[in-house]
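Chemist:
Residue numbers (this note's numbering): 89 to 417.
(1) Opposite residue 144 in the DSSP bridges: which residues?
(2) Report buried or exposed for residue 409, applying the criterion of at least 16 other Cβ atoms within 10 angstroms of its Cβ.
(3) For residue 281, which residues in the same chain have their Cβ closer than 6 angstroms to its Cβ, ignoring the five residues on either side in sequence?
(4) Kindly provide the ranges of any alpha helix (DSSP H) runs that are 4 or more residues long and lie completely inside the region 288-368, ordered along the chain.
(5) Quick check on residue 271: does DSSP put it in helix, strand or coil?
(6) In this structure, how does DSSP classify residue 149 when only helix, strand and coil are distinguished?
(7) Using 8 angstroms as the threshold, is the region 214-229 in touch with the region 157-174, meaning 3 or more CB pairs across them?
(8) Count the other C-beta atoms from every protein chain shown that fall within 10 angstroms of the C-beta of residue 201, then say buried if there are 16 or more, exposed otherwise.
(9) Counting along the chain, where does the alpha helix (DSSP H) carrying residue 199 start and finish?
(10) Evaluate the contact criterion for the region 386-397 versus the region 351-365: three or more CB pairs, one atom per stretch, below 8 angstroms.
(11) Report the residue ranges of all alpha helix (DSSP H) runs contained in full by the region 183-240; include only those spanning at least 4 residues, in chain order.
(12) Between which two residues does the beta strand (DSSP E) containing residue 422 stretch?
(13) Who are residue 113's beta bridge partners in DSSP?
(14) Does the beta-carbon distance from residue 261 to residue 239 come in below 8 angstroms?
(15) Ends of the alpha helix (DSSP H) at residue 255?
(16) Name the residue from 266, 341 and 306 whose alpha carbon lies nearest to the alpha carbon of residue 331.
(17) Output yes or no for whether 8 angstroms exceeds the beta carbon distance between residue 220 and residue 322.
(18) Would you mind reading off the limits of the beta strand (DSSP E) that contains residue 418?
(19) Output the distance between the C-alpha atoms of residue 283 and residue 272, rounded to the nearest integer angstrom.
(20) On the three-state DSSP scale, how would you describe residue 259?
(21) Would you mind stating whether residue 252 and residue 132 have Cβ atoms separated by less than 8 angstroms?
(22) Per DSSP, residue 397 is paired with what?
(23) Measure the Cβ-Cβ separation of residue 249 and residue 95 and say whether it is below 8 angstroms.
(24) Would you list the one or two residues that DSSP bridges to residue 381?
(25) Output needed for residue 241: all residues of its chain with C-beta closer than 6 angstroms, excluding positions within five of it in sequence on either side, in chain order.
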């Protein structure tokens, strides 16, 4: 559905989009980098309002969110389009191509989350939620108005303007934010973006008291060095050493054909990150221990085997030693 867009100004017969740091200047009949925001006769429009390209009820751990209502499920939705162009994109079929979609109004989507058992809310995921901001914004406000106990979650690359983030944060309960690298050159070359706006999003969400977890996809030979992991973990620990970091293993996808990241490199990366952070998990790997342990006494707090979850606590306190732990129930 075509809908009026937010965050733009006219510049002659072109429009400047301010939704994300790209700040695209779009000529009449043309699209921005995201491929879903377009100049129609001097006005910025979005073409994917309410267009659901993928919808499923997933374990919350699949997002991945390990410290946010563990063991629960969440209605997960995505559309088409993205404001990055990552060479390794694993969701390229909807991120970069417009396929089939079904329209659901914000009211309809909000109501949909009440039916599935153990569902805690809505996660905007699969593609980049920022690029259908208007729909996400309308939906999370409707969700909080109608079903105040339901949670709103963003799985995002964090590439959003400060103004838009400030507007939506009051309605968001949790975010998993990709920090793809500590290097701006990596962001520029591999993702067609920049790292500082992403760091700013992580900082803003954390300081707003939104639940934040971070994911880094480790790509063989590009961002999987000990120094790189150390830089990422050190920076996150400067905010809070209790922020969970998910190190995800790269596999060849989309434009990138280099071999999958070695499992030994992944294990070493976790050990490096654990020098700075209390909670580090490995993704896209089998036969790894992704249970959550108390950072003080090492008691098992949540046992995990894949998406099978067995919590040993129901409040954010270690039952063995009494130390507070950063888990929301």
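Glycine included, each C-beta is placed from N, C-alpha and C at the ideal position.
None of the values given here were measured: they were computed from a predicted structure.
Modeler: So, from the listed chains and residues:
(1) The residue you call residue 144 lines up with position 56 of the chain shown. The partner list for residue 144 (beta bridge, DSSP) reads 164.
(2) On the chain shown, residue 409 is found 321 positions in, with the first residue counted as 1. So residue 409 counts as exposed.
(3) The residue you call residue 281 lines up with position 193 of the chain shown. Cβ neighbours of residue 281 beyond the five flanking positions: 172, 247 and 275.
(4) Fully enclosed alpha helix (DSSP H) runs of 4 or longer: 314-327 and 351-361.
(5) Residue 271 sits at position 183 when you count from the first residue of the chain shown. Residue 271 falls in the coil class under three-state DSSP.
(6) Within the chain shown, numbered from 1, the residue matching residue 149 stands at position 61. DSSP places residue 149 in helix when its eight states are reduced to three.
(7) yes
(8) Locating residue 201 in the chain shown gives position 113, counting from the first residue. Label assigned to residue 201: buried.
(9) As a working mapping, residue 199 is identified with position 111 in the chain shown. Per DSSP, the continuous alpha helix (DSSP H) segment holding residue 199 begins and ends at 194-200.
(10) no
(11) For the region 183-240, whole alpha helix (DSSP H) runs of length 4 or above, ordered along the chain, are 194-200 and 221-234.
(12) The structure shown does not extend to residue 422, since the chain is modelled only from 89 through 417, so no value can be given for it.
(13) For this step, residue 113 is matched to residue 25 along the chain shown. 104, per the DSSP bridge assignment.
(14) Counting from 1 along the chain shown, the entry for residue 261 is found at position 173. Counting from 1 along the chain shown, the entry for residue 239 is found at position 151. Going by C-beta atoms, residue 261 is nearer than 8 angstroms to residue 239.
(15) On the chain shown, position 167 is the one that residue 255 refers to. Element bounds for residue 255: 250-256.
(16) Here residue 331 refers to the residue found at position 243 when the chain shown is read from its first residue. When only C-alpha atoms are compared, the closest one is 266.
(17) Numbered from 1 along the chain shown, position 132 holds the residue referred to as residue 220. Numbered from 1 along the chain shown, position 234 holds the residue referred to as residue 322. The beta carbons of residue 220 and residue 322 sit no closer together than 8 angstroms.
(18) Any property of residue 418 remains undetermined from this structure, which presents the chain solely from 89 to 417.
(19) As a first step, residue 283 must be located in the chain shown, where it is residue number 195. As a first step, residue 272 must be located in the chain shown, where it is residue number 184. Going from the Cα of residue 283 to the Cα of residue 272 covers about 5 angstroms.
(20) As a first step, residue 259 is located in the chain shown; it is residue number 171 there, counting from the start. It is helical.
(21) Walking along the chain shown from the start, residue 252 turns up at place 164. Walking along the chain shown from the start, residue 132 turns up at place 44. Taking 8 angstroms as the Cβ cut-off, residue 252 and residue 132 do not qualify as a contacting pair.
(22) For the purposes of this step, residue 397 is taken as residue 309 along the chain shown, with counting starting at 1. Looking at the DSSP assignment, residue 397 forms a beta bridge with 392.
(23) Working through the chain shown from its first residue, we reach residue 249 at position 161. Working through the chain shown from its first residue, we reach residue 95 at position 7. Yes.
(24) Along the chain shown, read from residue 1 onward, the residue named residue 381 stands at position 293. Beta-bridge pairing links residue 381 to 388.
(25) As a working mapping, residue 241 is identified with position 153 in the chain shown. Around residue 241: 211 and 262.
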